[in-house]
Amino acid sequence: MKTRAFEKHYYLMLLPGLIWLVLFNMVPMVGIVMAFQDFNPGLGIFGSEWIGLENFEFMFLLGDSKTVLYNTVFIAVLKIAGNLLVPLVFALMLNELRLQVVKRWVQTVVYLPHFLSWVILSGILLDVFALKGPVNQLLSAFGVEPILFFARAELFPYIIVGSDVWKEFGFNTIIYLAALTAINPSLYEAAAMDGARRLQRLWHVTLPGISTTVVLLAVLSLGNVLNAGFDQVFNLYNPLVYSTGDIIDTWVYRAGLVNLQFSLATAMGLLKSVVSFVLIVISYMLASKFANYRIF
Amino acid sequence: MVREGTFGSRMFDVILLATLIGIALVCVLPIWYTLALSLSDKAAAAAGDVSLWPIGFTTQSYDTIMTDARFINSFGISLLRVALGATINFVVIVLMAYPLSKTTKDFRPRNVFMWLLVFCMLFNGGLIPWYMTIKAYGLMNTIWALVLAGGVQVFHVILVVNFFRNLPKELEEAALVDGAGPWYMLLQIFAPLAVPVLATITLFSIVYHWNEFFHGLVLMSSAEMYPLQTYIQQLVVVIDTTTMTEDEYKKLSELSNQTLNAAKIFIAMIPVLVIYPFLQRFFIHGITLGSVKE
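Going line by line, the protein sequences match chains A and B.
Residue 296, in the numbering used here, is where the first sequence stops; the numbers in between run on with no holes.
Residue 590, in the numbering used here, is where the second sequence stops; the numbers in between run on with no holes.
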């Protein structure tokens, strides 16, 4: 094909996107040097004093950083597990449903929360779990004292995980449903011929057919171990639950943009970016090696 | 699938149906409750009498909002942001995806650019350097900060690249024989065939720009420039960096005007609720086609 002449047009097509990547993604990477400086906004990154790893050392001395790291990993790991398993169970149930009309209706409804922002959903959750809200009304019907849910540090991580799974399980089901349609229907017929009942077919045909997808998603989610979800935590937390709810991203926001400790916040952010990057690369390598998965 | 009429199997069906409907209700009831709250009388809401039906039905909250200049202003900013942001995203993504969908035979540095893109997707400077950069560009307090900061979603470029690559090669060969150039090829042949995936990424970028609140919070120094989500966030969510006792928290949540806030939250949901049913049939198709390779 004589398509080499097209190459200059291809560069032209790439140009807008590349300009954007350079301006908004790569230039900020230069700012990472702040992590190794005693950054002074008046002097800028070229005038500020270099202090090597002092920010990192100071960070590890802070009691905060251990709490924040623990909270981040704890919330993120629970979220990963919940977001893998709940959609799986839900997809299997949906797959067994024979009424196609109901199936489509249920699907439409459960996808919806995914498209609403955490600002909106926080507003809703704060009302639903309010002292006089419906959840407490329901609990009081069983004689339970009203609970101020969002002021209880010991409950906070579980509310975060639960509400995230609630928001995303429908949307995460899509990928499982796609994998389920790929299972050869003749396998079900063969199993039925052999006298397998519904639960047996589920166990011996459906589950093995979908297991590679589950493993693949589990491997790929490894990269999210430090992503506990800024938008959600930021919109739901308050000083009462910092001890269990403060995560790396919210800590960086407060340290950097509220308390103006630019260097310290950059150092913490850098540590998070590097660890996440390494984890994502490892998980993609594992996925491409064992499941032949490639992103492009 | 073989039909079975045994009693156990039927019981299984009934329980399954009830459970699934129950799960679906759990997804809509909180939204329904917000609507009921927004249409209720203030006193009834504060007393906690509202459950699933408005108590003392009134549209007073909505009347108040219609005359609230700040709400309407931030609604307008959000609309402008979505229009500009989604259009720019669309153009940039389509233009970028086409050359990257070529093989290295047709576009030699293709893989270099692809890895650059993936690197930028996975690694970034972090919050503070990003903030400083936008500030240095002088974009603070302008609509462009909101439009550009969200910018190109690399993952969406990859979705479109994968879709383009799965289109039959014969199409391209036939067009080449007819003398089609690269721009004609993209605009007249590839883009029209990619409607499902393009609709998907457009839906996602509209929803993204509509829902995003953080850029408004940190990049806009005056509240008049807040997009809707940031405005609502400031109303509903109390951020106090000092210490706080449980009683103070309780008082703060009781002080807020619940019915008015509920109405604002509900109005902010409307655009998503309106476009969602139209694009829903596209996005499932789009995601599965773009993410699964042959």
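All C-beta atoms in this analysis are idealised placements derived from N, C-alpha and C, irrespective of residue type, glycine included.
Source: prediction; values computed, not measured.
Measuring alpha carbon to alpha carbon, tell me which of the options ends up nearest residue i.
i	options	result
Ser-301 (chain A)	B:Ala-332, B:Pro-425, B:Pro-350, B:Thr-330	The question about residue 301 (chain A) has no answer, for chain A in this structure spans 1 to 296.
Val-414 (chain B)	B:Lys-401, B:His-452, B:Val-390, B:Tyr-427	B:His-452
Ile-561 (chain B)	B:Gln-576, B:Arg-577, B:Glu-542, B:Leu-531	B:Leu-531
Pro-134 (chain A)	B:Tyr-572, B:Thr-526, B:Leu-348	B:Leu-348
Glu-189 (chain A)	A:Gln-137, A:Ala-228, A:Leu-202, A:Ala-179	A:Leu-202
Gly-368 (chain A)	A:Thr-181, A:Arg-152, A:Gly-31, A:Ser-288	With chain A covering 1 to 296 only, the question about residue 368 (chain A) has no answer from this structure.
Phe-308 (chain B)	A:Arg-98, A:Val-128, A:Ala-151, A:Ala-182	A:Arg-98
Ala-441 (chain B)	B:Trp-479, B:Thr-498, B:Pro-523, B:Phe-367	B:Pro-523
Gly-223 (chain A)	A:Gly-44, A:Tyr-284, A:Ala-178, A:Asn-292	A:Tyr-284
Asp-345 (chain B)	B:Thr-555, B:Leu-467, B:Ile-566	B:Thr-555
Glu-542 (chain B)	A:Val-225, A:Leu-271, A:Arg-152	A:Arg-152
Asn-557 (chain B)	B:Thr-302, B:Arg-306, B:Leu-335, B:Ile-319	B:Leu-335
Lys-547 (chain B)	A:Leu-21, A:Ala-179, A:Lys-132	A:Lys-132
Ala-339 (chain B)	B:Gly-318, B:Gln-576, B:Asn-553	B:Asn-553
Ile-319 (chain B)	A:Ser-65, A:Thr-108, A:Asp-64	A:Thr-108
Ile-384 (chain B)	A:Gly-17, A:Thr-212, A:Ile-124, A:Leu-61	A:Gly-17
Ser-549 (chain B)	A:Thr-244, A:Lys-167, A:Leu-125, A:Ala-5	A:Leu-125
Thr-302 (chain B)	A:Ile-51, A:Val-205, A:Leu-220, A:Arg-198	A:Arg-198
Asn-420 (chain B)	A:Val-22, A:Leu-43, A:Ile-51	A:Val-22
Ala-178 (chain A)	A:Leu-88, A:Val-110, A:Val-101	A:Leu-88
Val-110 (chain A)	B:Ala-559, B:Phe-403, B:Leu-321	B:Leu-321
Ser-305 (chain B)	A:Met-13, A:Glu-96, A:Leu-43	A:Glu-96
Would you kindly work out how many angstroms separate the C-alpha atoms of residue i and residue j, rounded to a whole number?
i	j	result
Ala-130 (chain A)	Ile-210 (chain A)	40 Å
Phe-46 (chain A)	Met-428 (chain B)	13 Å
Asn-411 (chain B)	Val-450 (chain B)	In the sequence as displayed, the identity of residue 411 (chain B) is Trp instead of Asn. Their backbone Cα atoms lie some 11 Å apart in a straight line.
Met-436 (chain B)	Leu-257 (chain A)	14 Å
Met-297 (chain B)	Ala-192 (chain A)	Below a pLDDT of 50, predicted positions are generally treated as unreliable, and Met-297 (chain B), at 45, falls in that range; the measurement from the model is reported next regardless. Roughly 8 Å separates the two Cα atoms.
Leu-15 (chain A)	Gln-525 (chain B)	32 Å
Gly-352 (chain B)	Pro-146 (chain A)	24 Å
Val-493 (chain B)	Pro-395 (chain B)	17 Å
Met-59 (chain A)	Phe-509 (chain B)	29 Å
Ala-196 (chain A)	Val-161 (chain A)	37 Å
Tyr-11 (chain A)	Ser-397 (chain B)	13 Å
Leu-207 (chain A)	Val-324 (chain B)	29 Å
Trp-479 (chain B)	Thr-400 (chain B)	19 Å
Arg-104 (chain A)	Gly-422 (chain B)	41 Å
Lys-289 (chain A)	Ile-295 (chain A)	13 Å
His-298 (chain A)	Gly-170 (chain A)	Since the first residue shown for chain A is 1 and the last is 296, residue 298 (chain A) is missing from the structure and cannot be characterised.
Val-310 (chain B)	Glu-468 (chain B)	52 Å
Leu-78 (chain A)	Thr-173 (chain A)	18 Å
Leu-305 (chain A)	Leu-333 (chain B)	Given that chain A is displayed from residue 1 to residue 296, the structure contains no residue 305 (chain A) and the question cannot be resolved.
Ala-314 (chain B)	Lys-167 (chain A)	21 Å
His-511 (chain B)	Leu-260 (chain A)	17 Å
Ala-182 (chain A)	Val-205 (chain A)	12 Å
Thr-67 (chain A)	Val-233 (chain A)	15 Å
Ala-343 (chain B)	Phe-371 (chain B)	30 Å
How close, in whole Å, do the beta carbons of residue i and residue j come, if the pair is a contact with beta carbons under 8 Å?
i	j	result
Leu-112 (chain A)	Tyr-572 (chain B)	7 Å
Val-86 (chain A)	Val-214 (chain A)	The Cβ separation is near 12 Å, so there is no contact.
Phe-297 (chain A)	Ala-267 (chain A)	Limits of chain A in this structure are 1 at one end and 296 at the other, which puts residue 297 (chain A) out of reach.
Tyr-176 (chain A)	Ala-91 (chain A)	4 Å
Ile-439 (chain B)	Leu-515 (chain B)	Their Cβ separation, rounded to whole angstroms, is 10 Å, which puts Ile-439 (chain B) and Leu-515 (chain B) out of contact at 8 Å.
Val-128 (chain A)	Tyr-329 (chain B)	6 Å
Val-456 (chain B)	Trp-506 (chain B)	In fact, because the Cβ distance is near 21 Å, the residues do not count as touching under 8 Å.
Ile-80 (chain A)	Ser-221 (chain A)	5 Å
Ala-564 (chain B)	Ile-528 (chain B)	6 Å
Asp-402 (chain B)	Phe-6 (chain A)	7 Å
Is there a C-beta anywhere in chain E that falls below 8 Å from the one on residue i?
i	result
Ala-559 (chain B)	No chain E is part of this structure, whose protein chains are labelled A and B.
**the region 231 to 248 of chain A in contact with the region 63 to 72 of chain A per 3-pair CB rule at 8 Å** = yes
| field | Touching by the beta-carbon criterion (3+ pairs, under 8 Å), the region 475 to 489 of chain B and the region 386 to 403 of chain B | value | yes
### Task
Scan the region 3 to 15 of chain A for residues whose Cβ lies nearer than 7 Å to a Cβ of chain B and list them as they occur along the chain.
Thr-3, Phe-6, Glu-7, His-9, Tyr-10, Met-13, Leu-14
> Is the region 226 to 238 of chain A touching the region 113 to 133 of chain A, taking contact as three or more C-beta pairs under 8 Å?
Replying inline: yes
- State whether the region 440 to 458 of chain B contacts the region 276 to 283 of chain A, with contact taken as three or more CB pairs (one from each stretch) at a distance under 8 Å. no
Original post:
Pairing CB atoms from the region 372 to 382 of chain B with CB atoms from the region 500 to 517 of chain B, are three or more of them under 8 Å?
Top reply: yes
For the region 154 to 162 of chain A against the region 232 to 239 of chain A, do three or more pairs of beta-carbon atoms, one drawn from each stretch, fall closer than 8 Å, so that the two count as touching?
yes
Does the pairing of the region 461 to 477 of chain B with the region 342 to 359 of chain B give three or more beta-carbon distances under 8 Å? no
Any residues in the region 205 to 217 of chain A with a beta carbon nearer than 8 Å to a beta carbon of chain B? Which ones, in chain order?
-> none
If you measure beta-carbon to beta-carbon, which residues of the region 27 to 39 of chain A are closer than 8 Å to chain B? Val-27, Pro-28, Met-29, Val-30, Gly-31, Ile-32, Met-34
key: Short-range partners of chain A found in the region 472 to 504 of chain B, where Cβ spacing is below 8 Å   = Leu-472, Gly-477, Pro-478, Trp-479, Leu-482, Val-503
I'd like to know if the region 252 to 261 of chain A and the region 18 to 30 of chain A are in contact, where contact means that at least 3 CB-CB pairs between them fall below 8 Å. no
Q) Is there contact here, the region 35 to 52 of chain A with the region 168 to 188 of chain A, by at least three beta-carbon pairs under 8 Å? A) no
Q) Are the region 451 to 467 of chain B and the region 360 to 375 of chain B touching, with three or more C-beta to C-beta distances below 8 Å? A) no
- Message: For the region 88 to 107 of chain A, list every residue whose C-beta sits within 9 Å of some C-beta in chain B, in sequence order.
- Response: Phe-90, Met-93, Leu-94, Glu-96, Leu-97, Arg-98, Leu-99, Val-102, Lys-103, Trp-105, Val-106, Gln-107
Taking only beta carbons into account, state which residues of the region 302 to 324 of chain B come closer than 9 Å to chain A, listed in chain order. Thr-302, Gly-304, Ser-305, Phe-308, Asp-309, Leu-312, Leu-313, Thr-315, Leu-316, Ile-317, Ile-319, Ala-320, Leu-321, Val-322, Cys-323, Val-324
Which of the residues in the region 50 to 65 of chain A, read from start to end, lie with their CB under 9 Å from any CB of chain B?
none
**Asked** Can you list, in chain order, the residues of the region 252 to 280 of chain A whose Cβ is nearer than 7 Å to any Cβ on chain B?
**Response** Val-252, Tyr-253, Arg-254, Gly-256, Leu-257, Val-258, Phe-262, Ala-265, Thr-266, Gly-269, Leu-270, Ser-273, Phe-277, Ile-280
Open item on the list: Please identify, using Cβ separations under 7 Å, the residues of the region 235 to 248 of chain A that lie next to chain B, in order along the chain.
Closed with: Asn-235, Asn-238, Pro-239, Leu-240
### Message
Taking beta-carbon pairs under 7 Å, can you tell me which members of the region 134 to 161 of chain A lie near chain B?
### Response
Pro-134, Gln-137, Leu-148, Ala-151
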